[in-house]
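Peer 1: Structure in structure tokens, see below.
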Amino acid sequence: MDCWRRRFIVLLALLALLALVALGMGGCVSRVDRQELAQEYFNLGNAYFELQDYERSYRYYRRAIELSDNIPAAGFNLARLYLERGEDQKALDILTTLLARDPENTLIREVYGYTLYRLGEISRARRVYGDLLEEALSRGRVAYNLALLEVMEGNYGAAVAVLEEHLAAAEGDKDFRWLLADALFQTGQEEDALEELAHYRVLVAGSAREMGRLFRRYVEWSFFLDALELLEDMPSQALRDPEVAWAEAWAYLAGTDDFESGLLALERSLEDWLPEADDESRLLEILSGEEKEIVQGVFEGSRKRARGEEESHKEESE
Numbered sequence: 001m002d003c004w005r006r007r008f009i010v011l012l013a014l015l016a017l018l019a020l021v022a023l024g025m026g027g028c029v030s031r032v033d034r035q036e037l038a039q040e041y042f043n044l045g046n047a048y049f050e051l052q053d054y055e056r057s058y059r060y061y062r063r064a065i066e067l068s069d070n071i072p073a074a075g076f077n078l079a080r081l082y083l084e085r086g087e088d089q090k091a092l093d094i095l096t097t098l099l100a101r102d103p104e105n106t107l108i109r110e111v112y113g114y115t116l117y118r119l120g121e122i123s124r125a126r127r128v129y130g131d132l133l134e135e136a137l138s139r140g141r142v143a144y145n146l147a148l149l150e151v152m153e154g155n156y157g158a159a160v161a162v163l164e165e166h167l168a169a170a171e172g173d174k175d176f177r178w179l180l181a182d183a184l185f186q187t188g189q190e191e192d193a194l195e196e197l198a199h200y201r202v203l204v205a206g207s208a209r210e211m212g213r214l215f216r217r218y219v220e221w222s223f224f225l226d227a228l229e230l231l232e233d234m235p236s237q238a239l240r241d242p243e244v245a246w247a248e249a250w251a252y253l254a255g256t257d258d259f260e261s262g263l264l265a266l267e268r269s270l271e272d273w274l275p276e277a278d279d280e281s282r283l284l285e286i287l288s289g290e291e292k293e294i295v296q297g298v299f300e301g302s303r304k305r306a307r308g309e310e311e312s313h314k315e316e317s318e
């Protein structure tokens with residue numbers, strides 16, 4: 001949904017709300033259903049959430065809840081907002097109340113498990129996800145969430161076990177494949193990890209962002225030839241991404257003898273972007289002699305240009 005359409009929805013919700021409030025102010029309180037007014041507040045909360053205006057969204061969800069207990073989605077979305085704001089305990093309190101009313105609600109249980117994880121309640125979070133899997137509820141998504149929890153805890157073997165057990169429920173899920181590839185690689189199963197990345201490639205073909213992500217992953221894992229082979233299918237928009245160009249430079253300079261192509265990619269990446277100092281040092285460490293001196297010169301030229309642009313901006317603002 002584009003920005004203008006979302007703003008139009010906000011306007012419609014505001015008009016409906018104003019009409020209801022006008023009825024109340026005109027002495028027609030008996031005709032103004034509190035439930036209906038709460039629903040309009042809820043709609044406004046949703047609209048502002050879509051616009052990423054979380055503060056207004058929060059206020060309208062709160063008003064909806066104050067007027068009616070019969071819009072559980074308002075409570076659920078308020079919990080999401082608390083998570084967005086980093087107020088995890090408040091989110092958990094709301095989700096606990098919602099589960100007491102609707103203990104079989106799969107979506108609430110999933111977010112409840114995620115909130116427990118954020119609060120450091122790892123064992124409880126595992127139990128929530130485990131129960132959902134045993135009940136065969138949304139297996140692909142739940143397995144992904146449980147495996148993600150294990151990956152973030154460094155339990156890569158456990159993540160692989162969960163993901164492989166439930167792969168049939170998520171064969172066409174790119175994020176599921178990506179996480180499985182990561183877990184496999186971290187457990188030393190590089191060939192299997194590459195196979196999962198191949199599945200991911202098919203699923204994201206044509207997406208500049210996702211193909212760029214895949215290219216960087218190949219380089220990160222030192223599969224330089226796989227990365228360079230991917231260049232043939234990369235959308236032009238991805239190739240213009242400075243971080244993708246940086247990864248391309250790494251692939252050529254670290255994985256081939258094609259210094260010229262690596263240098264061209266490096267220069268392209270540094271046109272409007274500078275890497276972290278540690279990344280620059282690591283790249284220089286793999287070079288020697290004249291090639292190292294040339295690359296050092298490219299880095300110095302980029303830093304000098306960046307300083308000049310910064311000084312120019314300061315002068316313009318004064």
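According to UniProt numbering, the sequence shown is numbered sequentially starting from 1.
Even for Gly, the Cβ is constructed at its ideal location relative to N, Cα and C.
1) Give the C-beta separation of residue 244 and residue 238 to the nearest angstrom, bearing in mind that I take them to be a contact with Cβ-Cβ under 8 Å.
2) Let me make sure I understand the geometry here. Which of 186, 62, 55, 295 has the alpha-carbon closest to that of residue 37?
3) At 4 residues or longer, and completely inside the region 248-306: list those alpha helix (DSSP H) runs for me, N to C.
4) Entirely within the UniProt repeat "TPR" (38-71) and at least 4 residues each: give me those alpha helix (DSSP H) ranges in chain order.
5) Let me know the secondary structure DSSP gives residue 85 once reduced to three states.
6) What's the C-alpha gap between residue 78 and residue 246?
7) On the three-state DSSP scale, how would you describe residue 173?
8) Is the beta carbon of residue 197 sitting closer than 7 Å to the one on residue 183?
9) Which value, in whole angstroms, describes the spacing of the CA atoms of residue 279 and residue 286?
10) Would you kindly work out how many angstroms separate the C-alpha atoms of residue 81 and residue 106, rounded to a whole number?
11) Checking 7 Å against the spacing of the C-beta atoms, do residue 291 and residue 259 come in under that value?
12) Can you find the residues in the same chain that come closer than 8 Å, C-beta to C-beta, to residue 144, ignoring five residues on each side of it along the sequence?
13) If residue 235 and residue 265 are in contact, beta carbons under 8 Å, what's the gap, nearest whole angstrom?
14) So residue 115 is in the alpha helix (DSSP H); what residue range does that whole segment cover?
15) Is the distance from the Cβ of residue 187 to the Cβ of residue 156 below 7 Å?
16) Can residue 158 and residue 165 be called in contact, C-beta distance under 7 Å?
17) Please check the pair residue 95 and residue 111, which I expect to be a contact at CB under 8 Å, by giving their CB distance rounded to whole angstroms.
Peer 2: On the basis of the coordinates in this document:
1) At roughly 5 Å, the Cβ-Cβ gap stays under 8 Å, so residue 244 and residue 238 are in contact.
2) Nearest of 186, 62, 55, 295 to residue 37, Cα basis: 62.
3) The qualifying runs are 259-269, 277-285.
4) 54-67, all fully within the UniProt repeat "TPR" (38-71).
5) Under the three-state reduction of DSSP, residue 85 is assigned to coil, being neither helix nor strand.
6) Take the alpha-carbon of residue 78 and the one of residue 246: they are about 41 Å apart.
7) The three-state secondary structure of residue 173, taken from DSSP, is coil.
8) With respect to residue 183, residue 197 sits apart: the two C-beta atoms are not nearer than 7 Å.
9) Pairing residue 279 with residue 286, the inter-Cα distance amounts to about 11 Å.
10) Straight-line Cα distance between these residues: approximately 19 Å.
11) Result yes, Cβ atoms of residue 291 and residue 259 sit closer than 7 Å.
12) Excluding residues within five positions, the ones whose Cβ falls inside 8 Å are 163, 170, 173, 175, 176, 179.
13) Cβ-Cβ separation between residue 235 and residue 265: approximately 16 Å, too far for a contact (criterion under 8 Å).
14) That run of the alpha helix (DSSP H) goes 106-118.
15) Yes, the Cβ-Cβ distance between residue 187 and residue 156 is below 7 Å.
16) No, they are not a contact pair.
17) That belief holds up - the Cβ atoms of residue 95 and residue 111 are roughly 6 Å apart, short of 8 Å.
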